[in-house]
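Protein chains in written order, with the working numbering: chain A, 1 to 85; chain B, 1001 to 1085; chain C, 2001 to 2153; chain D, 3001 to 3153.
We put the CB at the ideal spot given by N, CA and C, even for glycine.
Below is one structure, written out as structure tokens, with a few remarks after it.
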Amino acid sequence: MNIKALFFARIKESVNYSTEDIALPIGVDTVVALKEFLAKRGEVWADLFSGKQVVRVAINYELVDDIMVLNEGDEVAFFPPVTGG
Amino acid sequence: MNIKALFFARIKESVNYSTEDIALPIGVDTVVALKEFLAKRGEVWADLFSGKQVVRVAINYELVDDIMVLNEGDEVAFFPPVTGG
Amino acid sequence: MTIRVQTEDFDAGAELAAMRVASASIGALVNFIGQVRDINDGDTVSTLTLEHYPGMTERSLEAIEAEAKARWDIVSSLIIHRVGTLQPLDQIVLVAVASAHRGEAFEACEFIMDYLKVQAPFWKKESTLVGERWVEAKTRDNDAQVRWKSKNN
Amino acid sequence: MTIRVQTEDFDAGAELAAMRVASASIGALVNFIGQVRDINDGDTVSTLTLEHYPGMTERSLEAIEAEAKARWDIVSSLIIHRVGTLQPLDQIVLVAVASAHRGEAFEACEFIMDYLKVQAPFWKKESTLVGERWVEAKTRDNDAQVRWKSKNN
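As structure tokens, then:
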């Protein structure tokens, strides 16, 4: 399954880019599985995605919980808690 | 005891004037006694001050209850519930 | 803490801008602007005339502002209330509260409006197609004020 | 129901006046103006930079406005939020709600702000004398949103 990942704010600075097209292995089909997959990429990624930090996720512009299922072509955004207003 | 009475809004229109210096008989020394005193002036006054209508009272610019005691020279204002804002 | 009771209109934008830029400790400016509606209780309103009790009005508004300042951590507040004869779409009142954070400004601004509605000596008379009439006080305005008595801050 | 996300400043007075005179059924206009403070968490702030998620930001604000309109009887609403680099005393956000009576306008305006604070994808980075830093989300903003879930209207 192919998704488009977006990173914002502190997370964008940590991973050092804002957009990435990712081909997911079979079995990585939920937000929680995707976070586990990303956490294996190295220290920076493990810090972000292994549960130590609060990382919010939006799929196709909608905030979602970690149990949400992914679909082909989804735009999946990762960002810290928002601070507008 | 001498007081200055002021009337506002609907009450001013009913009694047909806005200000009156009143010399109160001995014994008329509270708001409730003053209302009873005024209610005896005739039908218009009885309608206003015998309890059928809500009449708010301020003494020297402060909203007061009917049990408030009057003092020489007080400015006593009578008005309907306020409707500003 | 500013209070003005006046017949003239006011420039809400200019008032708010002046209040806001007066201090960079202000993060939040909440305000209420009231205007004359064209229909009240089902009848078309042509004019609305506001009477007040000069001398008491200012003291009453000052007391309400002082109470708001005692209850909440606010930087500044402003109350402008018009009197005289107004028409639909005319501004009646501006109540503005500035504070560091929004929670205090929202609460204090609504508190001032709720108390103004039941304590400040203003009376409205409206002219409609069915004649002139005094506007009746609303039960909901009393309810709105009473709820603050049970609130802790 | 208007939403604008922009780098340019806005004229709050002109926006509010246009919204107010659009209908004589409006009796109440409540609004919140947020500005950049010069001190945050004890440090002097020289600039504040707002990043957002284009595409999601507008949808998020539209959903919040729609929810406010479903909950309260309001005539119109407006959200203007700036992005980019701002300085102390710069305006950040304007949220305005117009309704016949003040209760609805106060509640809906605060509701929109409380939801915007925790749902709309904006992030603030401030530049201070001790360097650049991302502004941390506040627990009190979550608390402010959560209380609406138990409120009945």
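- With respect to chain B, the C-beta atom of C:GLY2055 has a partner C-beta closer than 7 Å.
- Contact annotation for D:PRO3121 against chain A: PHE8, ALA58, ALA77, PHE79, VAL82, GLY84 [CB-CB distance below 8 Å, chain order].
- Annotation for C:TRP2123: the continuous beta strand (DSSP E) segment containing it runs 2122 to 2128.
- Residue contact with chain C for D:ARG3102: present (Cβ-Cβ distance below 7 Å to some residue of chain C).
- When DSSP states are grouped into helix, strand and coil, D:PHE3010 belongs to the coil group.
- Proximity of D:GLY3042 to chain C, defined by a Cβ-Cβ separation below 7 Å, is not satisfied.
- Around the beta carbon of A:ILE67, fewer than 16 other beta carbons lie within 10 angstroms, which makes this residue exposed.
- Excluding sequence positions up to five before and after D:THR3002, its CB lies within less than 6 Å of the CB of LEU3078, all in the same chain and listed in chain order.
- Here A:VAL82 is buried: its Cβ has 16 or more other Cβ atoms, across all protein chains shown, within 10 Å.
- In this structure the region 3065 to 3075 of chain D does not touch the region 2050 to 2059 of chain C; the number of beta carbon pairs closer than 8 Å is below three.
- CA-CA distance, C:GLN2035 to D:ALA3017, rounds to 11 Å.
- The count of Cβ pairs closer than 8 Å, one atom from the region 3079 to 3090 of chain D and one from the region 3004 to 3024 of chain D, reaches three, so the stretches are in contact.
- Within chain C, LEU2016, ARG2020, LEU2029 have C-beta atoms less than 7 Å from the C-beta of D:ILE3033, given in sequence order.
- Secondary-structure assignment with DSSP links B:LYS1004 through a beta bridge to B:ASP1021, B:GLU1075.
- Short of 7 Å from the beta carbon of D:ASP3043, and not among the five residues preceding or following it, lie these beta carbons of its own chain, in chain order: THR3128, LEU3129, VAL3130.
- The C-beta distance from D:MET3019 to D:ALA3100 rounds to 14 Å, too long to fall under 8 Å, and the pair is not in contact.
- Shown here for D:PRO3088: same chain residues with a beta carbon closer than 7 Å to its own, the five before and five after excluded, namely VAL3036, ARG3037, ASP3038, VAL3045 in chain order.
- Non-local C-beta neighbours of C:PHE2106 in its own chain, meaning closer than 6 Å and more than five positions away in sequence, comprise VAL2030, ordered along the chain.
- The beta-carbon of B:TYR1017 is placed no less than 7 Å from the nearest beta-carbon of chain C.
- Cα atoms of B:GLY1042 and C:THR2049: separation of roughly 29 Å, rounded to the nearest angstrom.
- Any Cβ of chain C closer than 7 Å to the Cβ of D:LEU3089 would place that residue at the interface, and such an atom is present.
- Sequence-distant Cβ neighbours of B:LEU1024 in its own chain, meaning closer than 8 Å and more than five residues away, are MET1001, ASN1002, ILE1003, LEU1034, PHE1037, LEU1070.
- Nearest C-alpha to C:VAL2005 among C:PRO2121, C:TYR2115, C:VAL2146, C:SER2025: C:PRO2121.
- If the five residues before and after D:LEU3086 are omitted, its C-beta is found closer than 8 Å to the C-beta atoms of VAL3036, THR3047, LEU3048, THR3049, LEU3050, ILE3092, all from its own chain and listed in chain order.
- One Cα belongs to D:SER3025, the other to B:THR1030, and the distance between them is close to 45 Å.
- Note: C:TRP2134 is bridge-paired with C:LYS2125 in the DSSP secondary-structure output.
- C:SER2046: member of the beta strand (DSSP E) spanning 2043 to 2052, first to last residue.
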